[in-house]
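Visitor:
Number of protein chains: 2
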Amino acid sequence: MAQEAQAVSGAENGAKASPVVFTAAKPWLVVEAPKANDAVLFYKAAFGAEELSRVNDPKRKAELELPLIRSAELKIGSSVFVVSDLTDDSSSPAKSAVSGLVFCLETESVEAAVAKAVAAGAVSEDELTEGEGGCCGGVVGKVKDPYGNLWLICSPAKKCGDVDA
Amino acid sequence: MAQEAQAVSGAENGAKASPVVFTAAKPWLVVEAPKANDAVLFYKAAFGAEELSRVNDPKRKAELELPLIRSAELKIGSSVFVVSDLTDDSSSPAKSAVSGLVFCLETESVEAAVAKAVAAGAVSEDELTEGEGGCCGGVVGKVKDPYGNLWLICSPAKKCGDVDA
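Protein chains in written order, with my numbering: chain B, 1 to 165; chain U, 166 to 330.
1. ALA287 (chain U) touches chain B at which residues, Cβ-Cβ below 8 Å?
2. With a threshold of 8 Å, are at least 3 pairs of Cβ atoms found where one atom belongs to the region 196–207 of chain U and the other to the region 229–248 of chain U?
3. Among B:ALA49, B:CYS154, B:ALA45, B:LEU86, which has the Cα closest to the Cα of ASN56 (chain B)?
4. Tell me the start and end of each unbroken alpha helix (DSSP H) in the region 21–107 of chain B that is at least 4 residues and wholly inside, in chain order.
5. Any Cβ of chain D within less than 8 Å of the Cβ of ALA72 (chain B)?
6. Leaving out five residues before and five after PHE81 (chain B) in sequence, what residues of the same chain have Cβ atoms less than 6 Å from its Cβ?
7. Quick one: Cα of LYS144 (chain B) to Cα of ALA122 (chain B), how far?
8. Of all the CB atoms in chain U, is at least one closer than 8 Å to the CB of ASP145 (chain B)?
9. Counting only beta-carbon separations shorter than 8 Å, does LYS307 (chain U) have a partner in chain B?
10. Chain B partners of ALA189 (chain U), CB-CB under 8 Å?
11. On the DSSP letters alone, give me the boundaries of the alpha helix (DSSP H) that ALA282 (chain U) sits inside.
12. Start and end of the beta strand (DSSP E) containing GLY306 (chain U)?
13. Spell out a yes or no on whether the region 202–212 of chain U and the region 141–155 of chain B are touching, meaning 3 or more CB-CB pairs, one atom from each, closer than 8 Å.
14. Could one say the Cβ of LEU229 (chain U) lies closer than 8 Å to chain B's Cβ atoms, at least one of them?
15. For LEU128 (chain B) versus GLY138 (chain B), is the C-beta spacing smaller than 8 Å?
16. Would a check of beta-carbon distances place PRO27 (chain B) closer than 8 Å to chain U?
17. Beta-carbon of ALA280 (chain U) versus every beta-carbon of chain B: anything under 8 Å?
18. Less than 8 Å separating the beta-carbons of ALA280 (chain U) and GLY77 (chain B)?
19. Tell me, to the nearest whole angstrom, how far the beta carbon of VAL267 (chain U) is from that of VAL185 (chain U); I am working on the premise that it is less than 8 Å.
20. Kindly list, in the order they appear in chain U, the residues whose Cβ is closer than 8 Å to that of GLU106 (chain B).
21. Can you check which of these residues, U:VAL248, U:ASN314, U:THR272, is closest to LEU217 (chain U) by C-alpha distance?
22. Report yes or no: is there a C-beta of chain U within less than 8 Å of the C-beta of LYS61 (chain B)?
23. Under a Cβ-count criterion, where at least 16 other Cβ atoms within 10 Å of its own Cβ denotes burial, should SER90 (chain B) be classed as buried or exposed?
24. In three-state DSSP terms, what is LEU289 (chain U)?
25. Check whether the Cβ atoms of SER320 (chain U) and VAL283 (chain U) sit closer than 8 Å, and answer yes or no.
26. For ALA39 (chain B), which residues in chain U fall below 8 Å Cβ to Cβ?
27. Could you tell me the alpha carbon to alpha carbon distance between THR272 (chain U) and ALA278 (chain U), rounded to whole angstroms?
28. Does the CB of VAL55 (chain B) have a neighbour CB from chain U at under 8 Å?
29. Roughly how many angstroms separate the alpha carbons of ILE318 (chain U) and LEU152 (chain B), rounded to a whole number?
30. If you compare alpha carbons, which of U:ALA211, U:ASP203, U:PHE187 is closest to ALA120 (chain B)?
31. Are the Cβ atoms of ARG54 (chain B) and ALA72 (chain B) separated by less than 8 Å?
Below is the structure:
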């Protein structure tokens, strides 16, 4: 009976019955292109960061020796963060990240999570898109919180070939 | 023989023999005062964040209903981040954090960690200080990476009364 009431309440809200569960909130460092590779090397040398995975930009520019980094996942202690080259590529999930902090939230319920954030006062940016990279490998929603920070809400990046640890 | 050479090399660098081990790298969101409490409430409502601990500013201003937040630790999934009110209090470790990302790195070897980061190209900011808060409860060093981000290098915050989970 209690379960039934809950399901009805969920339907009334227009939300999916499944609860929103986030598995991680990874901060994203966006570096002026093409310096992200240097930044990754620096974080390894300075802070002992371990590179978990890397996705390069498929559109490699002729004048660049190395491809731009779409996202590299680094781990320090128990914490994971993402480093990317900032480009004007409109398909990059980090393109709105000119300044301020970007968090990457992972969940299986992207649409419900965006709705919940907006109900709490966040502003939705753009439509849901398909992402690619260490953080956002599937559906990506974007919301800006009332304090100027961007939160990417993404399904987990299952497509990424993680480096065997 | 190899160990001896290593020890001599370490002494020559002026660094401690103990290796630098970071246990966590927590990002820090600095919010225009006095909105950090609203921000914490928002992150709970929007993203289901769990509050692990909170340290208020001891210098409560008369015109404020609530004390300012020096640092509140929030957890989403496996990730922990810190939220603070941005004030002009010179004793706050977050005072240089007007813009850009702040990471809080936890280690038992603060001095050696700062030296290693500087050797890798970071710029040391300020002397070592004593911090207070969810992130920086002991000795605090500050370095700026070549990409404009501030890294606080701190001994773990043992003095903070963590909420029992």
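Yeah, the Cβ is synthetic: ideal placement off N, Cα and C, and Gly gets one too. Every value quoted in this text rests on a predicted model; they were computed, and no experiment measured them.
Guide: Result, derived from the coordinates:
1. In chain order: PHE42, ALA46.
2. Cβ pair count under 8 Å is three or more, so yes.
3. Of B:ALA49, B:CYS154, B:ALA45, B:LEU86, the residue nearest in Cα terms is B:LEU86.
4. Those alpha helix (DSSP H) runs which fall completely within the region 21–107 of chain B and span 4+ residues are 36–47.
5. Although the question refers to chain D, the structure presented lacks it and instead comprises the protein chains B and U.
6. The residues are LYS26, PRO27, LEU74.
7. So the alpha carbons of these two residues sit roughly 6 Å apart.
8. It does; some Cβ of chain U falls within 8 Å.
9. LYS307 (chain U) does not count as touching chain B.
10. Going along chain B in sequence order, the residues near ALA189 (chain U) (Cβ under 8 Å) are ILE76, GLY77, SER78, SER79.
11. First-last of the alpha helix (DSSP H) with ALA282 (chain U): 275–284.
12. For GLY306 (chain U), the enclosing beta strand (DSSP E) starts and ends at 304–309.
13. Contact between the region 202–212 of chain U and the region 141–155 of chain B is present: three or more C-beta pairs spanning the two stretches fall below 8 Å.
14. No, no contact with chain B.
15. In this structure, GLY138 (chain B) does not lie closer than 8 Å to LEU128 (chain B) by Cβ.
16. Yes, because at least one Cβ of chain U sits closer than 8 Å to the Cβ of PRO27 (chain B).
17. No Cβ of chain B is located within less than 8 Å of the beta carbon of ALA280 (chain U).
18. It is not a contact, given that the beta carbons lie outside the stated cut-off.
19. In this structure VAL267 (chain U) is not in contact with VAL185 (chain U), their Cβ atoms being roughly 19 Å apart against a cut-off of 8 Å.
20. Those are GLY242, listed as they occur along chain U.
21. Checked all of U:VAL248, U:ASN314, U:THR272; the closest Cα to LEU217 (chain U) is U:VAL248.
22. Chain U, which has no Cβ nearer than 8 Å to the Cβ of LYS61 (chain B), makes this no.
23. Any answer about SER90 (chain B) is weak, because its pLDDT of 49 lies below 50 and its placement is not dependable; what the coordinates show is given next. A residue is called buried when at least 16 other Cβ atoms come within 10 angstroms of its Cβ; SER90 (chain B) does not meet this threshold and is exposed.
24. Sequence inspection shows Ser at residue 289 (chain U); the Leu mentioned does not correspond to that position. Under the three-state reduction of DSSP, SER289 (chain U) is assigned to strand.
25. No, they are not a contact pair.
26. Residues of chain U passing the Cβ test: ASP310, PRO311, TYR312.
27. Near 8 Å, if we compare the C-alpha coordinates of ALA278 (chain U) and THR272 (chain U).
28. Closer than 8 Å: no.
29. Cα-Cα distance, rounded: 27 Å.
30. When the alpha-carbon of ALA120 (chain B) is set against those of U:ALA211, U:ASP203, U:PHE187, the nearest one is in U:ALA211.
31. Going by C-beta atoms, ARG54 (chain B) is nearer than 8 Å to ALA72 (chain B).
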